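**Q**
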Amino acid sequence: MGDFFAGAFAPLAFLWLVAAVLLQRRELAAQRQELIEARAVATEQVTEARKNVAFIAEQTELLKRQRQVDEERRVDEQIDRLLEIANGTLDRMSSRFMVLYGGQVIISLEKDWSPSSNPRLAARIELLYAGSKKAANLAGENEAIEIRGIELLKQLSIDLKDLHEASRKASMPVQAEVRQMGVREGRVACQKLLSLVEPQSSEEGI
26 MGDFFAGAFA
36 PLAFLWLVAA
46 VLLQRRELAA
56 QRQELIEARA
66 VATEQVTEAR
76 KNVAFIAEQT
86 ELLKRQRQVD
96 EERRVDEQID
106 RLLEIANGTL
116 DRMSSRFMVL
126 YGGQVIISLE
136 KDWSPSSNPR
146 LAARIELLYA
156 GSKKAANLAG
166 ENEAIEIRGI
176 ELLKQLSIDL
186 KDLHEASRKA
196 SMPVQAEVRQ
206 MGVREGRVAC
216 QKLLSLVEPQ
226 SSEEGI
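In my numbering, the protein residues as written are 26 to 231.
1) In terms of residue numbering, what span does the beta strand (DSSP E) encompassing residue 196 cover?
2) Take residue 187 as the anchor and find which of 160, 100, 127, 131 has the nearest alpha-carbon.
3) Taking the beta carbon of residue 184 as the centre, do at least 16 other beta carbons fall within 10 Å, making it buried, or is it exposed?
4) Ordered along the chain, which non-local residues of its own chain (more than five positions away) have a Cβ less than 6 Å from that of residue 150?
5) Count the other C-beta atoms from every protein chain shown that fall within 10 angstroms of the C-beta of residue 94, then say buried if there are 16 or more, exposed otherwise.
6) Going by the CB atoms, is the gap between residue 178 and residue 170 shorter than 8 Å?
7) I'd like the span of the beta strand (DSSP E) that includes residue 171, first residue to last.
8) Identify every residue that forms a DSSP beta bridge with residue 124.
9) Where does residue 217 land, buried or exposed, given buried means 16+ other C-beta within 10 angstroms?
10) Under 7 Å Cβ to Cβ from residue 114, same chain only, skipping five residues before and after it: list those, please.
11) Just checking my contact of residue 219 with residue 160 at CB under 8 Å: how many whole Å lie between their CB atoms?
12) Note the first and the last residue of the continuous alpha helix (DSSP H) segment covering residue 13.
13) Determine the DSSP secondary structure at residue 44, reduced to helix, strand or coil.
14) State yes or no: is the beta carbon of residue 212 nearer than 8 Å to at least one beta carbon in chain B?
15) Whole angstroms is fine: what's the gap from residue 103's alpha carbon to residue 77's?
16) Go ahead and label residue 132 buried or exposed: buried means 16 or more other beta carbons lie within 10 angstroms of its beta carbon, across all protein chains shown.
17) Can you say whether residue 146 is buried or exposed, counting buried as having 16 or more other CB atoms within 10 angstroms of its CB?
18) Between residue 121 and residue 82, what straight-line distance do the alpha-carbon atoms span, to the nearest angstrom?
19) Pick out the complete alpha helix (DSSP H) segments inside the segment 65 to 126, 4 residues or longer, and give them in chain order.
20) Can you list, in chain order, the residues of its chain whose CB lies under 7 Å from that of residue 55, leaving out five sequence neighbours each side?
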């Protein structure tokens, strides 16, 4: 009897074994497909993450550049106001300022100037700078250098200092314009003239 049942159920057992193998193979294939899909999703996520990082970096750079442009525009407007102040000081100096040596005028800003602010400023700075060199050469002679309107000269020195420092943060065209006007040379002239009559007023870091 035992041999009968063994012979009868042996094919069934074999069929169950085959079915189990086929089922396991199907499950393994499904798992392999899931892994492939998961890897594809992960790769896509990495690619998207890299794109996001690049986009954020680009936006950050754009914001940085925009802040720089806004700051340059603000400084450019500030320089326009500082130029008006410096020209105003020079306008007052045209009638109240002069440098004398032995009673003779060697620097005077009293004349008709260009109606345009910047050329007028540049021309007067050039005259002041050339005159300061002449005054420095004469200072070693017997006669003393006399400056009338010295408070205006001090104010001009401050005006030009503010202009020079502000121009460092200005846009490139405005920086070039300030250099062409000779603002730095104007500061040098002011300090050179002041040092001839007030040595202690000579400013460091010109």
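In this text, a Cβ means the ideal position worked out from N, Cα and C, and glycines have one as well.
None of the values given here were measured: they were computed from a predicted structure.
**A** Quick look at the numbers:
1) Along the sequence shown, one-based indexing puts residue 196 at 171. Taken as a continuous stretch (DSSP letters only), residue 196 belongs to no beta strand (DSSP E), as it is neither H nor E.
2) Within the sequence shown, the letter at position 162 stands for residue 187. Among 160, 100, 127, 131, the Cα nearest to that of residue 187 belongs to 100.
3) For the purposes of this step, residue 184 is taken as the residue at position 159 of the sequence shown. That one is buried.
4) Residue 150 sits at position 125 when you count from the first residue of the sequence shown. If we look at residue 150 and ignore the five residues flanking it on each side, its Cβ neighbours are 207, 211.
5) As a first step, residue 94 is located in the sequence shown; it is residue number 69 there, counting from the start. It is exposed - the Cβ of residue 94 has fewer than 16 other Cβ atoms within 10 Å.
6) Here residue 170 is taken as the residue at index 145 of the sequence shown, counted from 1. Here residue 178 is taken as the residue at index 153 of the sequence shown, counted from 1. Against a cut-off of 8 Å, the Cβ pair of residue 178 and residue 170 comes out as no contact.
7) For the purposes of this step, residue 171 is identified with residue 146 of the sequence shown, where counting begins at 1. Element bounds for residue 171: 170 to 173.
8) Residue numbering aside, residue 124 sits at position 99 when the sequence shown is read from its first letter. DSSP lists 132, 172 as partners of residue 124.
9) Taking the first residue of the sequence shown as position 1, residue 217 is located at position 192. Buried is the call here.
10) In the sequence shown, the residue the question calls residue 114 occupies position 89. Excluding positions up to five away in sequence, the list reads 177, 180, 181, 184.
11) Within the sequence shown, residue 219 is the residue found at index 194, counting from 1. Within the sequence shown, residue 160 is the residue found at index 135, counting from 1. Not a contact, Cβ separation roughly 11 Å.
12) Since the displayed the chain opens at 26 and closes at 231, residue 13 lies outside it and no answer follows.
13) What you label residue 44 is simply residue 19 of the sequence shown in a count that begins at 1. Three-state result, residue 44: helix.
14) Among the protein chains of the structure shown there is no chain B, as only one such chain exists.
15) Here residue 103 refers to the residue found at position 78 of the sequence shown. Here residue 77 refers to the residue found at position 52 of the sequence shown. Residue 103 and residue 77: Cα-Cα distance of roughly 39 Å.
16) Looking up residue 132 in the sequence shown gives position 107. By the neighbour-count rule (16 or more Cβ atoms within 10 Å), residue 132 is buried.
17) As a position in the sequence shown, residue 146 is number 121, starting the count at 1. The residue in question, residue 146, is buried, as its Cβ has 16 or more Cβ neighbours within 10 Å.
18) Taking the sequence shown and counting its residues from 1, one reaches residue 121 at position 96. Taking the sequence shown and counting its residues from 1, one reaches residue 82 at position 57. Near 57 Å, if we compare the C-alpha coordinates of residue 82 and residue 121.
19) none
20) Here residue 55 refers to the residue found at position 30 of the sequence shown. The answer is none, since no qualifying residue turns up.
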